[in-house]
Amino acid sequence: MSDGKAARPRLRIFLWLAALVFLGLQFIRPALTNPPVTADLEAPPEVKQILRNSCYNCHSNETKLPWYDHIVPAYWLVVSDVTEARQHLNFSTIGAMPPERQRGVLFEAVNQIQIGAMPLPAYRFMHPRSAVTPEQLAILRAYLKSLKSATTVPQAAVAAAAQSAPNEPPFMRP
Ligand code: HEC
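Its first residue numbered 50, the sequence shown is counted upward by one per residue in our numbering.
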């Protein structure tokens, strides 16, 4: 009996201390800034919408965190993910890359979705609506395919031109 009575105030003190520590930690906030969007990805709206919904929170300069991501320690995780993610792939600056390179990056991006690596599984668990559905994946794949055929057209034209003037390699012409 007397034991239980003695334990209760101690428990209460412990809980108050834990709450204070939790509140104190909230003030330890690494900065998360959104630098200007200089060369946003150019793609059809249905493609961009999918990437915006599933990837832009980490892979762009337009990070918008829901309120619960602002709570430490979740906030620390998200900030470190966003910082790292932007270094690997940033849709806000991708437009500055040569088209061929952009295509390669997009290819890798869709690949990462397909193998279930992106969005990061922990993030997907906490933000279920960020998951890419099979229908959305099909849209992305179709877009990649259209990019591929668009870049093979000039190649075909070059080959046709080479055929019409076999002695003159296409790259020698002005
Ligand atoms: C929670 C933040 C987060 C989200 C959301 C997210 N990523 Fe990532 N992404 C990362 C991090 C962190 C890395 C770097 C570490 C790694 O590869 O695991 C990364 C790496 C990548 C890479 C580079 C992989 C490599 O090996 O270089 C690609 C491509 C990528 N992500 C695509 C996407 C796509 C596409 C989406 C949306 C469907 C997406 N990511 C959503 C955090 C995220």
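Note that the Cβ used here is the ideal one computed from N, Cα and C, for glycine as well. As the structure is a computational prediction, the values presented were derived from the model and not from experiment.
- Counting C-beta atoms within 10 angstroms of its own C-beta, residue 103 has 16 or more neighbours from the protein chains shown and is therefore classed as buried.
- Sequence-distant Cβ neighbours of residue 108 in its own chain, meaning closer than 7 Å and more than five residues away, are 134, 135, 138, 139 and 140.
- Distances taken from the Cβ of residue 162 to the heavy atoms of the ligand HEC include one shorter than 6 Å.
- Taking the Cα of residue 118 as reference, the smallest distance to any Cα among 147, 110 and 127 is reached at 127.
- In the three-state DSSP reduction, residue 75 falls in the coil class, being neither helix nor strand.
- Burial is judged here by how many other beta carbons sit within 10 angstroms of a residue's own beta carbon; residue 145 has fewer than 16 and is exposed.
- Selection around the ligand HEC by beta-carbon proximity, strictly under 6 Å to any non-hydrogen atom, yields 103, 104, 106, 107, 108, 130, 133, 134, 137, 138, 157, 158, 161, 162, 167, 168, 169, 172, 179 and 181 in chain order.
- When C-beta atoms of the stretch 178 to 193 are compared with those of the stretch 154 to 170, three or more pairs fall below 8 Å, so the two segments count as touching.
- Taking 7 Å as the cut-off, the beta carbon of residue 110 is found closer than this to the beta carbon of residue 86.
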